[in-house]
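Visitor:
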Ligand SMILES: Cc1ncc(COP(=O)(O)O)c(C=O)c1O
């Protein structure tokens, strides 16, 4: 009855974890939700300045004022672009859907990190993408791995990656950009965590160093302002603008104009930067607190690196324990965690897990880590 691609729709398990994680009484380290107290709420001042025609249909590419602001910020981070290369989308999740529609057919080979963002894997799989295994080290993909690689497209989260929290160095970015240019592989750089840098600013995006390869860079306002706005953006090589705009038009005509007008103002008047500098100390404190709790309760059971940005800890258990089973036991005991296998392009039993530190309260972080240690005993 349904299209054949529907057979490739996966991940009900992950949806189950996230649904269970929102039940009362459950401590959740499972999702990637911002802290409730860190959500941006537009005040009367912003709302009273909305343009009169905001309730009418708008342009597919997005509100000109917002595209302009996005391009200005992108230039400041090293991406040579103009507003004409910006497409506003309903959260960066829609960006993944549109780029997949443009690039991925049955059997298309995609280079990804392993592990990587699970909802990107879900979309790539839906369109029939196949994942190319590749050499990596503790930073991510190795430039040498591109030699002989038959992928058409590379999907990377080089900055405070979901799920590992890792960040590629400046040198690795440069070397990878050169390799992508040499192999003429389209680079899709997903960058929603860049502003959540706890220790030092992230190096410039990989796409800013490309000379030849086609590229799409995407950002989001979900982690800095509020995911309920459903706003993100694609910035791309000029050649891709027409087909991606047509795909956006076919999907939903344009993104919500109210959200766009609010975010355009918040960028123009400096409120985004002020908001980010307010929430960073909160997230840094939560990260440090979870790190201290992990050291106290789990140091003999797992290893991890303290993330320098983003929203997650990535743990590897010392025992060869399948965290998919641990996830079920933990959920029954009132704790939601994400098993590492969910982020695996080719899922297999794994002793890794992802813990989100932004959403739970300090008390819940302590309680949850303590419970996890007991379950591992
Ligand atoms: C790497 C990555 N890309 C994209 C998204 C989707 O974000 P949104 O659609 O809210 O912008 C997320 C959300 O967690 C993410 O971690």
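Numbering (UniProt numbering), first residue to last: 1 to 377.
From the three backbone atoms N, C-alpha and C, an ideal C-beta is built for every residue, glycine too.
Sort 53, 2, 8 and 27 by Cα distance to residue 327 and report the nearest one.
Guide: 27
Visitor: Would you say the beta carbon of residue 73 is closer than 8 Å to some non-hydrogen atom of ligand 1?
Guide: Answer for residue 73: no, Cβ out of range of ligand 1.
Visitor: For residue 283, is the beta carbon positioned less than 8 Å from some heavy atom of ligand 1?
Guide: no
Visitor: Given this structure, state the Cα-to-Cα distance separating residue 282 from residue 1, to the nearest angstrom.
Guide: 49 Å
Visitor: Could you say which of 117, 80 and 151 lies nearest to residue 341 if we only look at CA atoms?
Guide: 117
Visitor: Using 8 Å as the cut-off, can you tell me whether the segment 215–226 makes contact with the segment 183–194, which would need three or more C-beta pairs spanning the two stretches below that distance?
Guide: yes
Visitor: For residue 39 versus residue 30, is the C-beta spacing smaller than 9 Å?
Guide: Contact: no.
Visitor: If you pair each beta-carbon of the segment 153–169 with each one of the segment 129–145, do three or more pairs fall below 8 Å?
Guide: yes
Visitor: Please confirm whether any heavy atom of ligand 1 lies closer than 8 Å to the CB of residue 381.
Guide: The structure shown does not extend to residue 381, since the chain is modelled only from 1 to 377, so the question has no answer here.
Visitor: Would you grab the beta carbon distance between residue 205 and residue 110 for me? Rounded to a whole angstrom, and I think it's under 8 Å.
Guide: Incorrect: roughly 19 Å between the Cβ atoms, too far for contact.
Visitor: Tell me whether residue 378, by its Cβ, gets closer than 8 Å to a heavy atom of ligand 1.
Guide: Here the chain has residues from 1 to 377 only, and residue 378 is not among them.
Visitor: Give the straight-line distance between the Cα atoms of residue 294 and residue 20, rounded to the nearest whole angstrom.
Guide: 23 Å
Visitor: Taking residue 95 as part of the alpha helix (DSSP H), name the residues at either end of that continuous run.
Guide: 92–103
Visitor: Is residue 230 near ligand 1, judged by its Cβ being under 8 Å from some heavy atom?
Guide: At least one heavy atom of ligand 1 lies closer than 8 Å to the C-beta of residue 230.
Visitor: Taking the beta strand (DSSP E) that residue 236 falls in, what are its first and last residues?
Guide: Where residue 236 is concerned, the enclosing beta strand (DSSP E) stretches over 232–236.
Visitor: Here's the rule I'm using: 16 or more other beta-carbon atoms within 10 Å means buried, otherwise exposed. How should residue 6 be labelled?
Guide: Using a 10 angstroms sphere on the CB of residue 6, the tally of other CB atoms stays under 16, which defines it as exposed.
Visitor: Between which two residues does the alpha helix (DSSP H) harbouring residue 394 extend?
Guide: With the chain covering 1 to 377 only, the question about residue 394 has no answer from this structure.
Visitor: Use the C-beta contact count for residue 63: other C-beta atoms within 10 angstroms, 16 or more gives buried, fewer gives exposed.
Guide: The residue is buried, with at least 16 neighbouring Cβ atoms inside 10 Å.
Visitor: In whole angstroms, what is the alpha-carbon distance linking residue 88 and residue 373?
Guide: One alpha carbon belongs to residue 88, the other to residue 373, and they sit about 43 Å apart.
Visitor: Only counting runs of 4 or more residues, tell me where the alpha helix (DSSP H) segments fall wholly within the segment 164–252, in order along the chain.
Guide: Segments of the alpha helix (DSSP H) lying fully in the segment 164–252: 170–183 and 241–252.
Visitor: Please report the straight-line C-alpha distance between residue 211 and residue 81, rounded to a whole angstrom.
Guide: 13 Å
Visitor: Measuring only the C-alpha atoms, how far is residue 386 from residue 112?
Guide: Outside the modelled stretch of the chain, which goes from 1 to 377, sits residue 386, for which no answer is possible.
Visitor: Sorry if obvious, but does the Cβ on residue 221 come closer than 8 Å to a heavy atom of ligand 1?
Guide: yes
Visitor: Would you report the Cα separation of residue 269 and residue 370, rounded to the nearest angstrom?
Guide: Their backbone Cα atoms lie some 43 Å apart in a straight line.
Visitor: Compute the beta-carbon to beta-carbon distance between residue 304 and residue 311, rounded to the nearest angstrom, for a pair I have assumed lies under 8 Å.
Guide: No, residue 304 and residue 311 are not in contact; Cβ-Cβ is about 14 Å, not under 8 Å.
Visitor: Between which two residues does the beta strand (DSSP E) holding residue 155 run?
Guide: 153–156
Visitor: Could you tell me whether the segment 253–266 touches the segment 126–137, where touching means 3 or more Cβ pairs closer than 8 Å?
Guide: no
Visitor: Threshold first: 4 residues or longer. Then list the alpha helix (DSSP H) segments lying entirely within the segment 348–377, N to C.
Guide: Listed in chain order, the complete alpha helix (DSSP H) runs (minimum 4 residues) inside the segment 348–377 are 362–376.
Visitor: For the beta strand (DSSP E) that contains residue 313, what are its first and last residues?
Guide: For residue 313, the enclosing beta strand (DSSP E) has its first and last residue at 312–317.
Visitor: Pick from 65, 354 and 23: whose alpha carbon is nearest that of residue 344?
Guide: 354
Visitor: Among residues of its own chain, excluding the 5 on either side of residue 102, which ones have a beta-carbon nearer than 8 Å to its beta-carbon?
Guide: 240, 243, 244 and 247
Visitor: Just mark residue 97 as buried or exposed, buried being the case when its beta carbon has 16 or more other beta carbons within 10 Å.
Guide: buried
Visitor: Which partner residues does residue 309 have in the DSSP bridge list?
Guide: 197
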